[in-house]
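Student: After the structure tokens below, expect a handful of questions from me.
Protein chains: 2
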Amino acid sequence: MARDPAATRDRLVDAFAEIVVGSGARSATLEAVAAAAGVSKGGLLYHFGSKDALVDGLLERLRKLAAEDLEQMRTAPEGPAVYYVRTSATEGLQGDEVVDPLSRVIIATMRLAQEGDTRTVSAYAAINEAWRQLIEVQVGGDRVLARLVQCIGDGLWASSSMGIPTPDLDDVVARVQQLVESSRHGDGGA
Amino acid sequence: MARDPAATRDRLVDAFAEIVVGSGARSATLEAVAAAAGVSKGGLLYHFGSKDALVDGLLERLRKLAAEDLEQMRTAPEGPAVYYVRTSATEGLQGDEVVDPLSRVIIATMRLAQEGDTRTVSAYAAINEAWRQLIEVQVGGDRVLARLVQCIGDGLWASSSMGIPTPDLDDVVARVQQLVESSRHGDGGA
DNA sequence: GTCTATAGGGTGATAGAC
DNA sequence: GTCTATCACCCTATAGAC
Numbered sequence: 000m001a002r003d004p005a006a007t008r009d010r011l012v013d014a015f016a017e018i019v020v021g022s023g024a025r026s027a028t029l030e031a032v033a034a035a036a037g038v039s040k041g042g043l044l045y046h047f048g049s050k051d052a053l054v055d056g057l058l059e060r061l062r063k064l065a066a067e068d069l070e071q072m073r074t075a076p077e078g079p080a081v082y083y084v085r086t087s088a089t090e091g092l093q094g095d096e097v098v099d100p101l102s103r104v105i106i107a108t109m110r111l112a113q114e115g116d117t118r119t120v121s122a123y124a125a126i127n128e129a130w131r132q133l134i135e136v137q138v139g140g141d142r143v144l145a146r147l148v149q150c151i152g153d154g155l156w157a158s159s160s161m162g163i164p165t166p167d168l169d170d171v172v173a174r175v176q177q178l179v180e181s182s183r184h185g186d187g188g189a
Numbered sequence: 000m001a002r003d004p005a006a007t008r009d010r011l012v013d014a015f016a017e018i019v020v021g022s023g024a025r026s027a028t029l030e031a032v033a034a035a036a037g038v039s040k041g042g043l044l045y046h047f048g049s050k051d052a053l054v055d056g057l058l059e060r061l062r063k064l065a066a067e068d069l070e071q072m073r074t075a076p077e078g079p080a081v082y083y084v085r086t087s088a089t090e091g092l093q094g095d096e097v098v099d100p101l102s103r104v105i106i107a108t109m110r111l112a113q114e115g116d117t118r119t120v121s122a123y124a125a126i127n128e129a130w131r132q133l134i135e136v137q138v139g140g141d142r143v144l145a146r147l148v149q150c151i152g153d154g155l156w157a158s159s160s161m162g163i164p165t166p167d168l169d170d171v172v173a174r175v176q177q178l179v180e181s182s183r184h185g186d187g188g189a
């Protein structure tokens, strides 16, 4: 069942991310990842020579998915800011599976980052920077407002990635939209 | 050197938090914690019968420090909202030491939470709730604005707890102050 | 209260068969 | 490409000396 190397590598990265998100980085052992992907530990280590290499595979996936998302964000009808804030509030994890592939990979990356892996931190930082720049364009170059909006998204993300829900998400999104629009019409303050 | 049980327990919890923050949860082994606190592994396990008990000790410390901080936040001259946002941006960790005791314990708790520990998540959620309620009081009961402000703080926190700096923190704080003040004078929107 | 020694289980990685 | 052994290491926790 599947001798295609690329497909097997993909399955392994998927399984890795899923386990890290669902059960924590500690549970994502080579054996558990391999089993979830339907191969043996030795099979995994043929494709990824070490656990570090597996992390690299995850980061590669992250960059690819993030690039796609950046395109969606750029062309989002509601605008980048609202898109960012709304998609920052994911749902149902910690045991359950996260449906959105990018969310899953980001959460996995951040969990790994908290273990002190510098590669994961800088990979995330780069993507975060790209997102903010896109928001900044929408708000007419208002650097501070852009950061404000991004922080709101990141704050929502922090809660939801721990399984803490945000009951009034729609209201928050509406308020962000207000902020962004007021930056176009009125002044800004800075 | 130190036969006072309470003092030794405190040193152990301190060392535990410090290692989790500085080197990741994985590095915080019983042996490493014991060594950092100047006792042996067996000595640690006399005071805390298991690693779970050590986590409980950390959570106890968290609640105590958080209660003190809540009092500072309530009486802060700049108001709870600005206090929250400003203190959310910590500096210099991941290898270095975090100077503020509460920040250190919170970061440690959140790292542990990401390993799937439900106790840590609910402990943090309770504290987070208390902070927001205090902000809500300041903004005259505007639930959504309170959440917005808190999200901004949490977003700053997320970055800084990964070692990513926020260059324009002062501007962000100023903008938050603006938002809070406008809720007093003008309307609010919702 | 604090120590050493050790049991018992799990983890990343290698070697070599198929 | 994928598997099964196997190694060396590290971790939590217990037992019992001091």
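For the record, the sequence lines run as chains A and B. 47 is the number that numbering that gives the first Met the number 0 gives to position 48 of the first sequence; each next residue is one higher, with no gaps. 46 is the number that numbering that gives the first Met the number 0 gives to position 47 of the second sequence; each next residue is one higher, with no gaps. We put the CB at the ideal spot given by N, CA and C, even for glycine. Note that the structure is predicted; figures quoted are calculated from it, not measured.
(1) Rounded C-beta distance between L61(A) and L11(A)? I'm assuming under 8 Å.
(2) Any C-beta of chain B sitting closer than 8 Å to the C-beta of A124(A)?
(3) Buried or exposed, going by whether 16 or more other CB atoms sit within 10 Å of the CB of P76(A)?
(4) Helix, strand or coil: how does DSSP classify I163(B) here?
(5) Taking 8 Å as the threshold (beta carbon to beta carbon), is V179(A) in contact with chain B?
(6) Going along the chain, which residues of its own chain have a beta-carbon closer than 7 Å to the beta-carbon of S158(A), five neighbours each way excluded?
(7) So the candidates are I163(A), R73(A), V171(A); which of them puts its Cα closest to the Cα of L133(A)?
(8) Hey, Q137(A) and V179(A) are a contact pair by Cβ (cut 8 Å); roughly how many whole angstroms apart?
(9) Would you say the region 16-25 of chain B touches the region 100-113 of chain B, given that touching needs at least three Cβ pairs under 8 Å?
(10) Residues of chain A with a CB under 9 Å from the CB of V171(B): which are they?
(11) To the nearest angstrom, how far is it from the Cα of V148(A) to the Cα of R183(A)?
(12) Check the Cβ of L64(B) against every Cβ in chain A and list those closer than 9 Å, keeping chain order.
(13) Within 10 Å of its beta-carbon, does G140(B) have 16 or more other beta-carbons around it, so buried, or fewer, so exposed?
(14) So, does the CB of A34(B) fall closer than 8 Å to a CB anywhere in chain A?
(15) Please report the Cβ distance between L58(A) and A122(A), rounded to the nearest whole angstrom; I am assuming they are in contact, meaning their Cβ atoms lie under 8 Å.
(16) Is it buried or exposed, Y82(A), if we count other Cβ atoms within 10 angstroms and call 16 or more buried?
(17) Which runs of the alpha helix (DSSP H), 4 residues or longer, sit entirely within the region 72-116 of chain B?
(18) If you draw a straight line from the alpha carbon of T7(A) to that of L29(A), how long is it in whole angstroms?
(19) Is the CB of Q113(B) under 8 Å away from at least one CB in chain A?
(20) Which residues, in chain order, does the region 43-72 of chain A contribute to contact with chain B at a C-beta distance below 9 Å?
(21) A80(B) to A5(A), Cα distance in whole Å?
(22) Hey, how far is the Cα of E67(A) from the Cα of V98(A)?
(23) So, is S39(B) buried or exposed, given that buried needs 16 or more other C-beta atoms within 10 angstroms?
(24) Between V171(B) and L144(A), what straight-line distance do the alpha-carbon atoms span, to the nearest angstrom?
(25) Is R25(B) helix, strand or coil by DSSP?
(26) Does the CB of S159(B) have a neighbour CB from chain A at under 8 Å?
(27) Using CA atoms only, rank isn't needed, just tell me which of P100(A), L69(A), R118(A) is closest to D51(A).
(28) Starting from G41(B), follow the alpha helix (DSSP H) in both directions and report where the run begins and ends.
(29) Determine, using beta carbons only, whether G21(A) and E114(A) come nearer to each other than 8 Å.
(30) Any heavy atom of the ligand SAH closer than 7 Å to the Cβ of T165(A)?
(31) Quick check: the Cα distance between V175(A) and T89(B), rounded to an integer number of angstroms?
(32) Counting along the chain, where does the alpha helix (DSSP H) carrying D169(B) start and finish?
(33) Classify D9(A) as helix, strand or coil using the three-state DSSP reduction.
Tutor: If we stick to the structure as given:
(1) With 8 Å as the limit, L61(A) and L11(A) do not qualify as a contact, their Cβ atoms being about 15 Å apart.
(2) yes
(3) exposed
(4) coil
(5) no
(6) T165
(7) R73(A)
(8) 7 Å
(9) yes
(10) V143, R146, L147, C150
(11) 15 Å
(12) Ordered by position in chain A, no residue passes the 9 Å Cβ test against L64(B), which lies about 20 Å from the chain.
(13) exposed
(14) no
(15) 5 Å
(16) buried
(17) 79-87, 100-112
(18) 15 Å
(19) yes
(20) none
(21) 50 Å
(22) 16 Å
(23) exposed
(24) 8 Å
(25) helix
(26) no
(27) R118(A)
(28) 40-46
(29) no
(30) In the structure shown, the ligand SAH is absent, as is every other ligand, since no ligand is present at all.
(31) 25 Å
(32) 168-184
(33) helix
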